[in-house]
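Residue numbers (my numbering), protein chains in the order written: chain A, 931 to 1247; chain B, 2 to 558; chain C, 24 to 348. We put the beta carbon where it would ideally sit given N, CA and C, even for glycine. From a predicted model like this one, the values you see are computed outputs, not experimental measurements. Taking it in order: structure first as structure tokens, then the write-up.
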């Protein structure tokens, strides 16, 4: 069992290498498919063929795509992510790490809120099963989830920032009062998912024998809920928390653009429209790597939960 | 059942406690986190300024908004207004523009022009120093000009603005090692020779590509010197965090009068400008377009802060005159007559722009009121179209826009509807990615497009010669007319301003009559400036202005 | 905040294999679900019937001071936008955009590719499984936004030519042709990423089901693979797919809306919820003309809400242990 799992894990991890290589090749090729390149934008209306040729030479855009890719990968393995053309001649790592850090902090705070609201809401709804409160609670959060953030943000900004001036809209860092509103907006839509999951989990546990026994013994309902039900229902939540972690670093695009937060999502959009090849590539590869490893984690979790899924062994024939 | 009710209540209480708790924790963290090593650690003391008693007018730091520089902060690399805004404050050249856009001496104390108009002799001030205290000499200028013309530096603007100087083209094309037209007479005297007399040459020298840079610094740190550039301007760059902020601090030894502000903070992040302005988070904001009328007629409380800035910019629709159906002037003229710019400005834009009755904006020296573009006349448009050879077989028309420089998509939608209503022509609007747009523009594959042009220096040459001379790299309409070329060339070397003006007027009217482009608006920037900020000028271009400003707390309200 | 909305049922395999008409009746008995379905019927009805509803013209501009940005009135129930266009008409046409887009993505990506590849991976296992899942990983790891942008930029002239060809050679009008092609691009760029979710569910279920006695028994009796898949595996998997899709519908529609909001999806003047909302979104725009944001956002919010509710109700039915009484 243990060695099988280990083998599976290793195989799964080895697979990430070709997957990431293919992703990087594909993105590299797609980016260069567009008719324009960063040099067009760098020179803008002052375009001059000679200058352009020299700049393309400097950034290597005049080489065939596969050579460019090879150069890029060689540099990547030496820790060189290239240079930004939008923030001219800043190293890509200088550009992206501060932004990843900002987004990560925001995402982490939002995640804490999602779970600390979602879990109690889920328990509450499960307890209220059979009354109108259960569907009402869940529906409320599903409704919140249905509001796109680019609708919610202007409305909240209007009331909180313009009408009542409770919060400011200047960006003063993650640890300032101005960051409360964006963090709340990032967390609200996630509550429904966690609450639903928690509710289902609680209901499953409620039907377990030990809960019935506890009830039969005449323990107080509160004790039953707190010690028996909640504790056991929280176990599967660990998986959900784990799976949410990669999501926190990718940033929330609309929150970052509406609040002008110097985070990774806003930078990605700017890099797309820039275009800023190297920054974009670095951000995509960063995101893809996280995504791929999150997938590995999901598969491993399932492999532990249900060994039948750990195939590899083909159907016996 | 009572048990159940109890549980429900408990659940509710638990939820509330948690929710309140979370908000509380964040608020605490926010209050106590100021000394954390957050990425924006550098600006903590600025934040404190803002929070101190007296509000935003309490300190001596101006907080305004800005955009991320589109190039490094190197004068020879700048090519857009947004970046020039920083460059003109940090660096300086021989001459500069004052608030009325007159060419005045900056590092040059005085200059003499030879009778043939080809030689300029500049006398430098003797009290000008770089930010690090080193004196500026004529040799520094020679270095700076030659560096700009060095092909290895890839300056996109040098041939455009310094191409008149003898030897710049040669050096740029690798035919010479130095620029023969720039000569150091002595430490304080610089002689510049140009290839033909040109009245606008001094104006061209106000463009950043002609600014002086510090050879020592550049040679000791060729890659990263622009992170802490050693210029001669009224301000020094203190911090630059991409996408977050740019902070300039006062140059205590500035030769034209030391700035009164300690610092200028350009915020590159944050939400709605007008909201932040009203919340006292910024000294400078923009009027929301929906409030513009109330601000203009004085019924809004913001009216007293209103500082409109008419820009020396024009937005226009351009035709590729080599492509069907625009090779027929009748089609172009009909399209020009079919759009009602007044209505668009009044209804859609809340009168925020000025309808462009010509190409040169009114702020431009040499602007002539008598020049006029086609008036809206639906009936005449129809008859004109009927006379064209495409009257019954109109090819498809695609109007490409990139959302940068030209008109906003909403103006385009309204215009397209007018062409449809008044001429029955379907014009497809096509959004394009900016880099692709620029490339296709250059290759001449776009049939019709929306674009804009902003002045680099206040001279009609910058608009008409650059956009319409058949050999100009910026002429993307495929337009070529020997008569126009001749007039433009004549204007280049004409030294009598009135005569030049007449020549340009002739060219402008001819282009408008042939409808090579349809100018639609001269944009206006609608700024709000806090009353405590004194001396805010009305400017149509990026010229050094922050050194004149002052924050007077007693004028706050 | 993209918290992984890991569905409750993924770990609780296997399921009762047959969920049929009885479930639909049960669904209709749930009041909330019923209301949701009624709303969706109206939404889809309006979208499909848009061209034949009298008085609906999403393009007619009226550029006068009196006509633009007006609040709701008897003449314009949802008010007018900055061009004096009737917002109700534009919303109705926007539902059309949403419908075409979601149906295209669901059918091609969710159902066709998702189930097909999921079944293949789950039933065959081995290298087929590995290959399909890894390809899915590659696809899933790519940002939809960038792909769409690059594709549009790269093939724009060819796209135009194709639009014009369609317009000249088929019954399609300019708008239809343009919409269709735009959809093909956005859909084409979204589909590769849409199937992987469904495939995962299907694959997991197929794994579980094929170990069941009835499948083993059928195999022993010499039933063909096709028969086993269509008769035994597919019926067991379908409910999950339906649940997964209805729960994910809001997200699918959201892709197009977000793209258009950013100006990267459907170009104006063709209405899409994305570009309609963009006209009214902004603190100042909302302060001045709240109706533009509200009138366009509410129908969309209700659409997503209805699908969320439906998805939630379906989970209850498929997973009876957590069912409401």
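Under 6 Å Cβ to Cβ from residue i, same chain only, skipping five residues before and after it: list those, please.
i                      : result
residue 323 of chain B : 479
residue 226 of chain B : 218 and 219
residue 128 of chain B : 256
residue 80 of chain C  : 112
Using 8 Å for Cβ pairs, my map puts residue i next to residue j. What's the rounded Cβ distance?
i                       : j                       : result
residue 202 of chain B  : residue 165 of chain B  : 6 Å
residue 1135 of chain A : residue 1163 of chain A : 5 Å
residue 1086 of chain A : residue 1115 of chain A : 7 Å
residue 252 of chain B  : residue 236 of chain B  : 6 Å
residue 1209 of chain A : residue 1014 of chain A : 5 Å
residue 91 of chain B   : residue 74 of chain B   : 7 Å
residue 1113 of chain A : residue 1040 of chain A : 5 Å
residue 249 of chain B  : residue 259 of chain B  : Between residue 259 of chain B and residue 249 of chain B the Cβ distance is about 14 Å, and since that is not below 8 Å, they are no contact.
Using the rule of at least 16 other Cβ atoms within 10 Å of the residue's Cβ for burial, across every protein chain shown, is residue i buried or exposed?
i                      : result
residue 116 of chain B : exposed
residue 194 of chain C : exposed
residue 312 of chain C : buried
residue 292 of chain B : buried
residue 436 of chain B : buried
residue 223 of chain C : buried
residue 133 of chain B : exposed
residue 315 of chain C : buried
residue 994 of chain A : exposed
residue 463 of chain B : buried
residue 938 of chain A : buried
CB-CB under 7 Å to residue i, same chain, minus the five flanking residues each way: which ones, in chain order?
i                       : result
residue 1140 of chain A : 1158
residue 1044 of chain A : 1117, 1120, 1121 and 1124
residue 543 of chain B  : 82, 85, 86 and 89
residue 74 of chain C   : none
residue 204 of chain B  : 104, 458, 459 and 460
So, are the CB atoms of residue i and residue j less than 8 Å apart?
i                       : j                       : result
residue 999 of chain A  : residue 1057 of chain A : no
residue 440 of chain B  : residue 477 of chain B  : no
residue 167 of chain B  : residue 181 of chain B  : yes
residue 1026 of chain A : residue 1151 of chain A : no
residue 277 of chain C  : residue 221 of chain C  : no
residue 431 of chain B  : residue 384 of chain B  : no
residue 492 of chain B  : residue 505 of chain B  : yes
residue 275 of chain C  : residue 128 of chain C  : yes
residue 1078 of chain A : residue 280 of chain C  : yes
residue 969 of chain A  : residue 985 of chain A  : yes
residue 971 of chain A  : residue 1193 of chain A : no
residue 214 of chain B  : residue 140 of chain B  : no
residue 119 of chain C  : residue 289 of chain B  : no
residue 106 of chain C  : residue 114 of chain C  : no
residue 976 of chain A  : residue 312 of chain B  : no
Enumerate in chain order the residues of its own chain whose CB-to-CB distance from residue i is below 8 Å, with the five nearest sequence positions on each side excluded.
i                      : result
residue 156 of chain B : 77, 78, 149, 150 and 210
residue 264 of chain C : 133, 134, 137, 138, 221, 224 and 225
Of all Cβ atoms in chain E, is any one closer than 8 Å to the Cβ of residue i?
i                       : result
residue 1028 of chain A : The chain labelled as chain E is not found among the protein chains of the depicted structure, namely A, B and C.
Taking only heavy atoms of the ligand PLP into account, decide whether any of them is closer than 7 Å to the Cβ of residue i.
i                      : result
residue 167 of chain B : Ligands are entirely absent from the displayed structure, and the ligand PLP is therefore not among its contents.
- Members of the segment 940-953 of chain A that neighbour chain C once the beta carbon cut-off is set at 7 Å: Answer set for the segment 940-953 of chain A: 945, 949, 952 and 953.
- Task: Could you run through the segment 288-301 of chain C and flag, in chain order, every residue whose CB is less than 8 Å away from some CB of chain B?
- Result: Along the segment 288-301 of chain C, going in chain order, the ones with a CB nearer than 8 Å to a CB of chain B are 290, 291 and 292.
- Item | Residues of the segment 233-259 of chain B whose Cβ lies closer than 7 Å to any Cβ of chain A, in chain order | If the cut-off is 7 Å between Cβ atoms, the segment 233-259 of chain B has 243, 244 and 245 near chain A.
- For the segment 81-104 of chain C, which residues have a beta carbon sitting closer than 7 Å to at least one beta carbon of chain B? From the segment 81-104 of chain C, only 84, 86, 87, 88 and 91 have a Cβ closer than 7 Å to chain B.
- Interfacial residues, the segment 485-504 of chain B to chain C, with Cβ spacing under 7 Å: Within the segment 485-504 of chain B, no residue qualifies.
- Message: Give me the subset of the segment 261-295 of chain B whose CB atoms are less than 9 Å from a CB atom of chain C, sorted by chain position.
- Response: For the segment 261-295 of chain B, which is checked against every Cβ of chain C, the residues closer than 9 Å are 272, 273, 275, 276, 289, 290, 291 and 292.
- Message: Against chain A, which members of the segment 175-188 of chain B pass a CB distance test of less than 8 Å?
- Response: Using a CB distance below 8 Å, no part of the segment 175-188 of chain B faces chain A.
- Select from the segment 342-354 of chain B all residues with a C-beta closer than 9 Å to any C-beta belonging to chain C, and list them in chain order. Residues of the segment 342-354 of chain B with a C-beta less than 9 Å from any C-beta of chain C: 344, 345, 347, 348 and 349, listed in chain order.
- chain B contacts from the segment 299-324 of chain C (Cβ-Cβ distance under 9 Å): Cβ contacts with chain B: 302, 305, 306, 307, 308, 310, 311 and 312.
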